[in-house]
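>
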């Protein structure tokens, strides 16, 4: 059970107004809001123990190092990684993907094949296209269906001994589709391919168990799950992280440096060059604590209730089409829609005037928009701190905007 | 009329509206009612791709004045284009080069001209100025 009134009190931003109207924040898939508990941790860091980590002998440095490493263990436990050093702090999902894509440059040969899903965010397409340009590897695509799900039968035909890597998101940011990553991973492993799962959209809704999934790489950003921006993580199986070369050179990632030869530090530091986002990492840990305290089962069940309610209400609006799976149990709490004859940008502008924050446009997933032959969609994404009353405000706002715009 | 006079007229018209709803309804009407560009000019060459909406701009020089036509796939963007075209079209290149768009702030539509908005309007204004500079060079 979600004690919604208490939860809303944790998020100071939910009290503000926008354009004179109470804020209705339905852009959670872009970034989640930050609870006071996490804000307090950020303030506490700068007020009490701001110091550079892993190198100082003084007390502040030691305190900051301890907290940062505690956060790594919180993340490890949350995603059930076997070892804490399999968790690499990054600046976010995009950084994590680029780190792996860059590392595979030395592991791929021309004519090797890598497979992407049609439902990806640009950040899980472009780094791999760049990898193909560097190596001569070939990019294949798992097609999508009009329902917004992946065509797994075709996926099987794409797999062969040439396949080295498969990458796919856990949840689609544009449509909310929950992808069958278990099946994708099992099938990829049968041909010896590694799998990277982009968990940016899944992280706020689903507690992924990387060992149970047997996934090779799992990546996400803190700001999708009540943490700050500019920090995220890469989980990689130890065996893979040892195979990948370092991504960036600098301090912290070395064992010994001479002008003749440098040896690299052990995991996880090999991939953590330079001073990291220390406060961000610690706050990421606090955000995970906060969400676990509410409980992912409770969050999933409440968000599903919101999704069903919003789907039912929005469907009553004349000319409204929802993109993605019709079955709400195949989706995270995201509704991507358009109204016949209304451009999504216009809808977004009017909703903003009414204090309602939604995302409009192609959601950095142009191939999906091209598939549906549309310029973009309006996307409302719900979090556990949203309410049915806010959904009523959205539905009324969409109706009002549609009347103005049609 | 000079660009400044037209802009003052527009500011006067908008001052009659009490709230944002009326302003936007007016803009939407402008967007709906004006046939802004001949379909043959809606080419990729004339297209400014915003992240959120697309804008097409076409220019010709007639009697030393530039005639702009433009369009957008989004109606609010199109409404703002109608206002911009009214101010800048059928004017001398030199006047267009020297004109500013401060009147957009005054009529409460500033946010649509934010460079981070990605609706194509900022690039469109830049494009209008570029046409003016090009035609001015031609006239010299």
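Residue numbers (full-length UniProt numbering), protein chains in the order written: chain A, 1 to 406; chain B, 1 to 140.
Virtual Cβ for every residue (Gly too), placed ideally from N, Cα, C.
Check whether the Cβ of residue 53(B) lies closer than 8 Å to any Cβ atom in chain A.
For the purposes of this step, residue 53(B) is taken as residue 53 along the second chain, with counting starting at 1. Chain A contact via Cβ: present.
> Along chain B, which residues have their Cβ under 8 Å away from the Cβ of residue 372(A)?
On the first chain, residue 372(A) is found 372 positions in, with the first residue counted as 1. Here the premise fails: no neighbours, minimum Cβ distance about 15 Å.
> Opposite residue 138(A) in the DSSP bridges: which residues?
Reading the first chain from its first residue, position 138 is the one you call residue 138(A). Answer is 113(A).
> Could you spell out the range, first to last residue, of the alpha helix (DSSP H) harbouring residue 103(A)?
Within the first chain, numbered from 1, the residue matching residue 103(A) stands at position 103. From DSSP, the alpha helix (DSSP H) with residue 103(A) extends over 93 to 103.
> Of the residues 337(A), 328(A) and 304(A), which one's Cα is nearest the Cα of residue 319(A)?
Counting from 1 along the first chain, the entry for residue 319(A) is found at position 319. It is 337(A).
> For residue 188(A) and residue 80(A), what's the separation of their Cα atoms in angstroms?
Looking up residue 188(A) in the first chain gives position 188. Looking up residue 80(A) in the first chain gives position 80. The straight-line gap from Cα to Cα measures roughly 21 Å.
> Just to confirm, is the Cβ distance from residue 92(A) to residue 221(A) under 8 Å?
The residue you call residue 92(A) lines up with position 92 of the first chain. The residue you call residue 221(A) lines up with position 221 of the first chain. Against a cut-off of 8 Å, the Cβ pair of residue 221(A) and residue 92(A) comes out as a contact.
> Kindly list, in the order they appear in chain B, the residues whose Cβ is closer than 9 Å to that of residue 375(A).
Here residue 375(A) refers to the residue found at position 375 when the first chain is read from its first residue. Neighbours of residue 375(A) on chain B, chain order: 52, 53, 54, 73 and 74.
> Quick one: grab the DSSP three-state call for residue 58(B).
Locating residue 58(B) in the second chain gives position 58, counting from the first residue. The answer is strand: DSSP assigns residue 58(B) an E or B state.
> Report all residues from its chain with a CB closer than 6 Å to the CB of residue 203(A); omit the five preceding and five following residues, and keep chain order.
Reading the first chain from its first residue, position 203 is the one you call residue 203(A). Same-chain partners within the cutoff: 220, 224 and 225.
> From the beta carbon of residue 253(A), is the nearest beta carbon of chain B less than 8 Å away?
Taking the first chain and counting its residues from 1, one reaches residue 253(A) at position 253. Taking Cβ atoms only, chain B never reaches closer than 8 Å to residue 253(A), which makes this a no.
> Quick one: grab the DSSP three-state call for residue 268(A).
Within the first chain, residue 268(A) is the residue found at index 268, counting from 1. Coil at residue 268(A), not helix or strand.
> In the DSSP assignment, the beta strand (DSSP E) including residue 217(A) goes from what residue to what residue?
Your numbering for residue 217(A) matches position 217 in the first chain. Residues 217 to 221.
> Taking 8 Å as the cut-off, does the stretch 155 to 172 of chain A touch the stretch 385 to 396 of chain A (at least 3 CB pairs, one atom from each stretch)?
With the cut-off at 8 Å, the stretch 385 to 396 of chain A and the stretch 155 to 172 of chain A do not touch.
> Have a look at the DSSP bridge pairing and note the partners of residue 72(B).
Start at 1 with the first residue of the second chain, and residue 72(B) comes out as number 72. According to DSSP, residue 72(B) bridges with 55(B).
> Report the three-state DSSP secondary structure of residue 256(A) (helix, strand or coil).
Numbered from its first residue, the first chain carries residue 256(A) at position 256. Of the three classes helix, strand and coil, the one that applies to residue 256(A) here is strand, per DSSP.
> The alpha helix (DSSP H) that contains residue 336(A), what's its start and end?
Working through the first chain from its first residue, we reach residue 336(A) at position 336. Here residue 336(A) belongs to no alpha helix (DSSP H); instead the beta strand (DSSP E) covers 334 to 339.
> Buried or exposed: where does residue 23(B) fall if 16 or more other Cβ atoms within 10 Å of its Cβ makes it buried?
Translated into positions along the second chain, residue 23(B) becomes position 23. Residue 23(B) is buried by the Cβ-count criterion.
> Taking the alpha carbon of residue 29(B) as the point to measure from, which residue in 44(B), 76(B) and 20(B) has its own alpha carbon closest?
Within the second chain, residue 29(B) is the residue found at index 29, counting from 1. Checking every option, the nearest Cα to that of residue 29(B) belongs to 76(B).
> Using 8 Å as the threshold, is the C-beta distance between residue 114(A) and residue 82(A) below it?
By one-based count along the first chain, residue 114(A) stands at place 114. By one-based count along the first chain, residue 82(A) stands at place 82. Cβ distance not < 8 Å, so residue 114(A) and residue 82(A) don't count as in contact.
> Could you check whether residue 85(B) and residue 68(B) sit closer than 8 Å to each other, using their CB atoms as the reference points?
Position 68 of the second chain, counting from 1, holds the residue named residue 68(B). Position 85 of the second chain, counting from 1, holds the residue named residue 85(B). For residue 68(B) and residue 85(B), yes; Cβs fall inside 8 Å.
> Would DSSP call residue 168(A) helix, strand or coil?
Here residue 168(A) refers to the residue found at position 168 when the first chain is read from its first residue. DSSP places residue 168(A) in strand when its eight states are reduced to three.
> Give me the Cα-Cα distance between residue 14(A) and residue 131(A), rounded to the nearest whole angstrom.
Counted from its first residue, the first chain places residue 14(A) at position 14. Counted from its first residue, the first chain places residue 131(A) at position 131. When rounded, the distance between both Cα atoms is 42 Å.
> Can you give me the Cβ contacts of residue 127(A) inside the same chain, cut-off strictly under 7 Å, excluding the 5 residues immediately before and after it?
As a position in the first chain, residue 127(A) is number 127, starting the count at 1. Only 97, 98 and 101 meet the Cβ criterion.
> Within 10 angstroms of its Cβ, does residue 52(B) collect 16 or more other Cβ (buried), or is it exposed?
Here the question's residue 52(B) lines up with position 52 in the second chain. When all chains shown are included, residue 52(B) counts as buried.
> Count Cβ pairs between the stretch 242 to 257 of chain A and the stretch 147 to 165 of chain A that sit closer than 8 Å; are there 3 or more?
The stretch 242 to 257 of chain A is not in contact with the stretch 147 to 165 of chain A.
> Secondary structure at residue 374(A), three-state DSSP: helix, strand or coil?
Position 374 of the first chain, counted from the start, is the residue given in the question as residue 374(A). In this structure, residue 374(A) counts as coil in the three-state DSSP scheme.
> So what does DSSP say about residue 237(A), is it helix, strand or coil?
Counting from 1 along the first chain, the entry for residue 237(A) is found at position 237. In the structure shown, residue 237(A) sits in coil (DSSP, three-state: anything other than H, G, I, E or B).
> Using a C-beta to C-beta distance shorter than 9 Å, which residues of chain B count as neighbours of residue 353(A)?
Sequence index remark: in the first chain, residue 353(A) carries index 353 (1-based). Simply 20, 21 and 24.
> Between which two residues does the alpha helix (DSSP H) holding residue 396(A) run?
Position 396 of the first chain holds residue 396(A). First-last of the alpha helix (DSSP H) with residue 396(A): 388 to 405.
> For residue 349(A), return the contacting residues in chain B, with the cut-off set at a CB-CB distance below 7 Å.
As a first step, residue 349(A) is located in the first chain; it is residue number 349 there, counting from the start. In chain order: 76.
> Give the single residue among 378(A), 372(A) and 403(A) whose Cα lies nearest to the Cα of residue 146(A).
Here residue 146(A) corresponds to residue number 146 of the first chain, with the count starting at 1. If we check each option's Cα against that of residue 146(A), 372(A) comes out closest.
> Using DSSP with H/G/I as helix, E/B as strand and the rest coil, what is residue 232(A)?
Locating residue 232(A) in the first chain gives position 232, counting from the first residue. Residue state, collapsed to three classes: strand.
> In chain order, what residues of the same chain lie with their CB nearer than 8 Å to the CB of residue 322(A), ignoring the 5 residues before and after it?
Against the first chain, residue 322(A) aligns to sequence position 322. For residue 322(A), where only same-chain residues beyond five positions count, the Cβ hits under 8 Å are 311, 314, 315, 335, 336 and 337.
> What runs of the beta strand (DSSP E), each 3 residues or longer, lie entirely inside the stretch 288 to 325 of chain A?
With a minimum length of 3 residues, the continuous beta strand (DSSP E) runs that stay inside the stretch 288 to 325 of chain A are 320 to 323.
> Since residue 89(A) is in the beta strand (DSSP E), which residue starts that stretch and which ends it?
Counting from one through the first chain, the residue named residue 89(A) turns up at place 89. From DSSP, the beta strand (DSSP E) with residue 89(A) extends over 87 to 90.
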